[in-house]
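First comes the structure, then the notes that go with it.
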Amino acid sequence: MKNFVLFLFSVVLLSSCNSVKVVVDYDSKADFNSYKTFAFYKPGIDKAAISDLDKKRVLRAVESELLAKGFMKSENPDMLVSFFTKSRERVNVNQNNNTGFGWGFGWNPWMMNGMNNNINVSQFTEGTLFVDFIDAKKKELVWQGIGTGALKIDNRENKDARIKEFVKEIISKFPPEENK
Numbered sequence: 014m015k016n017f018v019l020f021l022f023s024v025v026l027l028s029s030c031n032s033v034k035v036v037v038d039y040d041s042k043a044d045f046n047s048y049k050t051f052a053f054y055k056p057g058i059d060k061a062a063i064s065d066l067d068k069k070r071v072l073r074a075v076e077s078e079l080l081a082k083g084f085m086k087s088e089n090p091d092m093l094v095s096f097f098t099k100s101r102e103r104v105n106v107n108q109n110n111n112t113g114f115g116w117g118f119g120w121n122p123w124m125m126n127g128m129n130n131n132i133n134v135s136q137f138t139e140g141t142l143f144v145d146f147i148d149a150k151k152k153e154l155v156w157q158g159i160g161t162g163a164l165k166i167d168n169r170e171n172k173d174a175r176i177k178e179f180v181k182e183i184i185s186k187f188p189p190e191e192n193k
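Take the position in the sequence shown, starting the count at 1, then add 13; the result is the number in the working numbering.
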């Protein structure tokens with residue numbers, strides 16, 4: 014039982030570090046079944062505040078996910094795809110109280126006033142990726158997916174994987190359920 018609880022705690026801890034929280038919004042009057050082809054909207058993408066290398070990573074990931082869903086890239090598309098990003102530094106402060114159990118009920122020689130406070134501080138960058146689908150004929154936004162999560166950028170492979178994860182989670186919500 015103890016091993017199961019430890020395993021469950023590890024799974025929750027690891028999944029919470031890697032998860033991407035996704036929310037979507039869309040035009041309920043749009044006919045998502047009419048969108049079969051796509052192209053990238055360069056003016057919007059050029060404004061994204063990330064490096065050109067990261068823009069390429071996002072573009073490749075979006076293209077891969079849309080092709081896997083059956084959409085076709087086209088010079089005369091039904092919808093345009095754009096994206097932009099935001100990031101901010103986050104700080105987590107956790108306080109763990111150690112009541113001293115294990116040395117005798119409520120007593121530990123290293124405690125002062127019956128309590129040992131452990132404070133853990135962690136800092137990380139939280140990134141947000143906005144993916145927009147625009148009706149090419151009307152030039153109107155019809156769907157937006159927003160993915161938010163911790164960024165892990167310690168090496169190129171992790172950066173590639175994290176961008177793919179963000180994009181996959183966002184694009185998995187397209188088209189809206191009622192239009193699938």
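By construction, the Cβ of each residue, glycine as well, lies at the ideal position given by its N, Cα and C atoms.
Item                                                                                                                                                  : Value
Name the DSSP bridge partner or partners of VAL144?                                                                                                   : PHE96 and GLY158
Which same chain residues, not among the five before or five after MET85, have their C-beta less than 7 Å away from its C-beta?                       : LYS49 and THR50
Who are the Cβ neighbours of ARG101 in its own chain at under 8 Å, not counting the five residues just before and after it?                           : THR138 and GLU139
Would you list, in sequence order, the uninterrupted beta strand (DSSP E) runs of no fewer than 3 residues that lie entirely inside the region 40–79? : 50–53
Indicate whether the contact test is met: 3 or more Cβ pairs, each with one atom in the region 64–77 and one in the region 161–180, closer than 8 Å.  : yes
My assumption, with CB atoms under 8 Å, is that GLY57 sits in contact with SER32. Please give the rounded CB distance.                                : About 27 Å; that fails the 8 Å criterion.
Are GLY160 and LYS68 touching if we call contact CB-CB under 9 Å?                                                                                     : no
I'd like to know whether the C-beta atoms of PRO189 and PHE97 end up nearer to each other than 9 Å.                                                   : no
Note down the Cα distance separating LEU79 from ILE147, rounded to an integer number of angstroms.                                                    : 14 Å
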